[in-house]
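2 protein chains.
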Amino acid sequence: MNTLTPLKNEPPMVESFIPPQRLLMGAGPSRVHKDVLNIMSQTTIGHLDPEMIKMMDELKEMLRYTFQTKNSLTFPVSGPGSLGMEACVNNIVEPNQKVLIAINGVFGARMAEVARRAGADVITTEDEWGKAVDINKVKDAIDSNPEISTLGFVHAETSTGVMSDAGALCQLAANNNIMTIVDTVTSLAGIPVNVDVWGADAVYSGTQKCLSCPPGLSPVTFSEKAVEKVLNRSSPVQSWLLDLSLVANYWQGDSQSGVRTYHHTAPVNALMGLHEALRRVVAEGLDGVWARHRETSNIIVTGLESMGFKMLVDQSVRLPELLTVLLPTNVEDGPVRSRLLNEFNIEISAGLGPFAGKLWRIGVMGEGARPKNAQKLLEAIDECLKN
Amino acid sequence: MNTLTPLKNEPPMVESFIPPQRLLMGAGPSRVHKDVLNIMSQTTIGHLDPEMIKMMDELKEMLRYTFQTKNSLTFPVSGPGSLGMEACVNNIVEPNQKVLIAINGVFGARMAEVARRAGADVITTEDEWGKAVDINKVKDAIDSNPEISTLGFVHAETSTGVMSDAGALCQLAANNNIMTIVDTVTSLAGIPVNVDVWGADAVYSGTQKCLSCPPGLSPVTFSEKAVEKVLNRSSPVQSWLLDLSLVANYWQGDSQSGVRTYHHTAPVNALMGLHEALRRVVAEGLDGVWARHRETSNIIVTGLESMGFKMLVDQSVRLPELLTVLLPTNVEDGPVRSRLLNEFNIEISAGLGPFAGKLWRIGVMGEGARPKNAQKLLEAIDECLKN
């Protein structure tokens, strides 16, 4: 069986890829610090190497700080933010349970779709894109549907640049004995995310936004109540990879001995990168990180407004790290973004859904959130508008 | 809402992680070439950057060569091999369909579990660990269950080091109008994987074995028949992230215009690494890659046999890239593996399940499959046995 067979397909000859040097000021991925990139090129080690396990323990501890939680089950899922979303929904929600999802943009809608595919009976509240989740609508939905088991919502909507009041929504849910699933993909390490103060139950994020790490991992954290719920499910989690009761054998180890056992082969080099990115957050301190995002964002808002741009989102619920900028009638979306990319090597993002062609999404995330980058971006936009 | 809140948790102070320099000769991850590591530390670019799209197109073409297929839908899933397994099973299988899984080790059993969690009515054949899938058992199961829609099996069982006859199994399935799902995690680029010659329908692999790339991506390929089946499902794929009809918008683009649209944020740097790893396979040529694995493996087998070790698997179905080595009674499993790791910086893997403590799994994969590494390993084992 192991004889060589003639090769049918000719091998394609291609050059090594050399990525262009971009300044990433879009909706993600964000700019990555060279220390984080460098550590990702260190030698790969085994996913059960004792040195790897030590590194994972430090990583979890730093994630707990970043999420502001004491939750034991806090680790990065081995996939993008959307897989973290599925990890939270699929573990917390059981088929036929009634789930309420508050939608005010692309990612709330995605969570509703993920919950439907998990077999949930999904009801939704809808808010205009560009507005925060209206807690009164959520309250009304809860009052008229006493059998709701779970509330899901997005803390920082990447599609609109809006922040919703995660603390108030989690409190409302807890008062009604409802579990919460919170999307913090674009908020973690950009604005305060206080998992324990909120009392959130299942929270997921991404590495490629304010954590300033390449995309590919999704940090998650689960409350004790959430873990208990998962362990007492009446049906298995539909994804084997995401089943917390199994993956915990690798990330936490045996409940008695702590010995880690094989579940899947974790993305070793990506985890080394996240370890370093979290180190940078810890070294600067969350207060400092949040302030830097806010201050850099203010520079961009002031600059853009002086050029005649208007912000979509009211200042009271505007995300500093993701600015949605309405285009004046004299500014063409595609051509200007192309010029920014091709002439200035700066990436910003297009509007999604109803906002396509109508606004830009400017990311002020992680390493991008530095005044010199704000200045570069403003100068480049100014240049594009002049000619 | 965006006011700074007092930090409850003190930040943990840790050092940058410096991985030990290991020679990886276990069941994976395998040793990674420095060119692959280096490119992963290049600047992160946007997942929809025109340069990224060009790189992705090259990557797909090189994957087609590596899989020996002309399948249009060939790309890496954004997660580990187990997620690729779920991508294949969840797209191909619908709830309540009868699915036959041939089990002869850990990964066949995992595929059966994944299919059960996808709602399938799973029947299995079982072969002794260390033996290939018995095609007669599969034939009998098909003959007595005419409603079987899908056959799943593992080409190269990483838990036992056994190769099964993928071509014959796919042919048998096709003759009975049954779709096939094939696990090539440990075979791709180690021994011949001829997707089109086999006529396989859904095939997944991993990057961290014979492709010699860090773990975290799962190359998959789907036949035209498989794509048609996915597009005509009566129920949605249970995972939003893995739904091929959606993720194709990013990896293939609009069927008319080819324009790529956002689905999820792909792991940019990991993909750059895979691009380079595939370039190395293409440059050497599959014939050369396969021969190198076989020859290096032979050196290790000869050396170990001369020290008194016996191979678990009969030579006719033995994987050159994953050797399962029975331990003589005078060799202690844990202590010797620890010495190899701590004194010689060489990682080999323990036995799984019934083989725990009874055998070693030695990987001869990718960059590990070079005579100098075989020599280092043999010398180190010899040293451990002497003292």
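In the order they appear, the protein sequences are chains A and B.
The opening residue of the first sequence carries number 1 in our numbering; numbering runs sequentially from there.
The opening residue of the second sequence carries number 388 in our numbering; numbering runs sequentially from there.
From the three backbone atoms N, C-alpha and C, an ideal C-beta is built for every residue, glycine too.
Minimum Cβ-Cβ distance from residue i to chain B less than 9 angstroms
i	result
L322 (chain A)	no
P19 (chain A)	yes
P214 (chain A)	yes
Q256 (chain A)	no
G46 (chain A)	yes
A189 (chain A)	no
L377 (chain A)	no
N2 (chain A)	Residue placement at N2 (chain A) is poorly supported in this model, since its pLDDT is 38, which falls under 50; the coordinates still yield a value, given next. For N2 (chain A), the answer is yes, since a Cβ of chain B falls inside 9 angstroms of its Cβ.
G285 (chain A)	yes
M365 (chain A)	no
N269 (chain A)	yes
G308 (chain A)	no
V220 (chain A)	no
V154 (chain A)	no
Y250 (chain A)	no
G28 (chain A)	yes
T74 (chain A)	no
Beta-bridge partners of residue i, as assigned by DSSP
i	result
D121 (chain A)	A:K98
V704 (chain B)	In the DSSP output, where bridge partners are listed per residue, V704 (chain B) has none listed.
K310 (chain A)	A:L326
D183 (chain A)	A:V154, A:Y204
I749 (chain B)	B:L710
P76 (chain A)	A:P219
M163 (chain A)	A:A156
S736 (chain B)	B:R748
E126 (chain A)	A:I103
L24 (chain A)	A:E347
I148 (chain A)	A:K98
CB contact check: residue i to chain A, cutoff 9 angstroms
i	result
M698 (chain B)	no
E663 (chain B)	yes
R620 (chain B)	no
I426 (chain B)	yes
T511 (chain B)	no
E611 (chain B)	no
G468 (chain B)	yes
S403 (chain B)	yes
G586 (chain B)	no
R409 (chain B)	yes
R666 (chain B)	yes
Supposed close pair residue i, residue j - CB separation, criterion 8 angstroms
i	j	result
L538 (chain B)	L487 (chain B)	5 angstroms
P463 (chain B)	H47 (chain A)	That pair is no contact at about 19 angstroms.
A115 (chain A)	V122 (chain A)	5 angstroms
G471 (chain B)	V607 (chain B)	5 angstroms
A743 (chain B)	R724 (chain B)	The Cβ separation is near 12 angstroms, so there is no contact.
A507 (chain B)	V480 (chain B)	5 angstroms
I768 (chain B)	L710 (chain B)	So it is not a contact: roughly 12 angstroms between Cβ atoms.
N145 (chain A)	K98 (chain A)	6 angstroms
V32 (chain A)	C210 (chain A)	About 12 angstroms; that fails the 8 angstroms criterion.
L217 (chain A)	N90 (chain A)	The Cβ separation is near 18 angstroms, so there is no contact.
V195 (chain A)	T69 (chain A)	4 angstroms
L424 (chain B)	S41 (chain A)	4 angstroms
Residue i beta carbon near the ligand SAH (any heavy atom closer than 8 angstroms)
i	result
N145 (chain A)	By its list of ligands, the structure shown contains no ligand whatsoever, and the ligand SAH lies outside what it can speak to.
9 angstroms Cβ cutoff met for residue i and residue j
i	j	result
G695 (chain B)	P722 (chain B)	no
T207 (chain A)	G258 (chain A)	no
V580 (chain B)	I432 (chain B)	no
R705 (chain B)	M550 (chain B)	yes
T180 (chain A)	A200 (chain A)	yes
A226 (chain A)	L73 (chain A)	yes
M412 (chain B)	I686 (chain B)	no
D527 (chain B)	I490 (chain B)	no
P19 (chain A)	S465 (chain B)	no
F67 (chain A)	S205 (chain A)	yes
(request) Kindly provide the ranges of any beta strand (DSSP E) runs that are 3 or more residues long and lie completely inside the segment 603-675 of chain B, ordered along the chain. (result) 605-609
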